[in-house]
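Heads up, the thing below is written out as structure tokens.
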Amino acid sequence: MRGNEFFARWRARRRPSRTVWYQLYATIHPETCEVCLHHHGRILDRAEGEGTPPLHPGCRCSLLEFPGSEREYYREQERRMRERAQAELRRRRLFREGEEALAARNFEGALARFRESVQIDVFTAEIERLCREGSGKEALEAAPEAARKLCDLFLKAYRWKHDLPKYRHMPERMRLERRDHGLRVIRELFSPFVDDSAG
Ligand SMILES: [Zn+2]
Numbered sequence: 008m009r010g011n012e013f014f015a016r017w018r019a020r021r022r023p024s025r026t027v028w029y030q031l032y033a034t035i036h037p038e039t040c041e042v043c044l045h046h047h048g049r050i051l052d053r054a055e056g057e058g059t060p061p062l063h064p065g066c067r068c069s070l071l072e073f074p075g076s077e078r079e080y081y082r083e084q085e086r087r088m089r090e091r092a093q094a095e096l097r098r099r100r101l102f103r104e105g106e107e108a109l110a111a112r113n114f115e116g117a118l119a120r121f122r123e124s125v126q127i128d129v130f131t132a133e134i135e136r137l138c139r140e141g142s143g144k145e146a147l148e149a150a151p152e153a154a155r156k157l158c159d160l161f162l163k164a165y166r167w168k169h170d171l172p173k174y175r176h177m178p179e180r181m182r183l184e185r186r187d188h189g190l191r192v193i194r195e196l197f198s199p200f201v202d203d204s205a206g
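First residue of the sequence shown: 8, per the numbering used here; consecutive thereafter.
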């Protein structure tokens, strides 16, 4: 029996390596759920069944097929993708903490959290939520100076964001249009709280 077991193991090791693998892609975006972010970059040996998209109703993740000979390259990609997904989760946590500090009228704490958050990335949809909903809105109304600082911080971050390598693929004109549109949105969102929103 023991001999057969060894033989089976030897055969398993000698089985030719798989020819096709799959890498899972989620979108790094504030709307992407945490389940998908945790799977971003994962390498799978199957295109269907457990752990393959859709991971939940409405899941927009996709699989990229790649040949086994390029596995090393895709392992490296996986490492980078997982780092980016972790960074997005950290960014969300910092932004939420900023919102909580703002709601508690801890303006210095809020600015510090938002500053850390926008160093990772910044999205107008979240700024919109902050300026339009509940306790954040009330806090900004009560503290025009803090609102002004926060507005400046978001404007600066949004300009900086569009100089990042990930947007370099975009035609220059489109990149500038998107940037300027975002900057306008941020100024408009803060205009009820700051006297001069020229930024
Ligand atoms: Zn998904």
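All residues carry an ideal CB built from backbone N, CA and C; glycine is no exception. As the structure is a prediction and not an experimental result, all values here were calculated from the model.
Three-state secondary structure assigned by DSSP to residue i
i    : result
I127 : helix
V42  : helix
A171 : Checking the sequence shown, residue 171 turns out to be Leu, not Ala. The answer is coil: DSSP assigns L171 none of H, G, I, E or B.
V192 : helix
I134 : helix
S198 : coil
E140 : coil
E55  : coil
L183 : helix
P74  : strand
Rounded C-alpha distance that separates residue i from residue j
i    : j    : result
Q30  : L51  : 6 Å
E85  : A150 : 44 Å
P64  : I134 : 27 Å
A94  : K156 : 24 Å
A132 : E140 : 12 Å
V42  : E184 : 32 Å
Closer than 7 Å: residue i CB and nearest ligand 1 heavy atom
i   : result
P37 : no
Cβ separation of residue i and residue j, assumed to be a contact under 8 Å, to the nearest whole Å
i    : j    : result
F200 : E148 : 6 Å
L96  : S124 : With a Cβ gap of about 12 Å, L96 and S124 do not count as contacting.
Problem set entry | Check your reading: residues with Cβ closer than 6 Å to ligand 2 heavy atoms | As far as ligands go, the structure on display features ligand 1 and does not contain ligand 2.
Exercise. Is there contact between the stretch 61 to 74 and the stretch 96 to 113, where contact requires at least three CB pairs shorter than 8 Å?
Worked result: A contact is defined here as three or more CB-CB pairs under 8 Å, and the stretch 61 to 74 fails this definition with respect to the stretch 96 to 113.
Problem set entry | the stretch 158 to 169 contacting the stretch 189 to 198, beta-carbon criterion three pairs below 8 Å | Yes, the stretch 158 to 169 touches the stretch 189 to 198.
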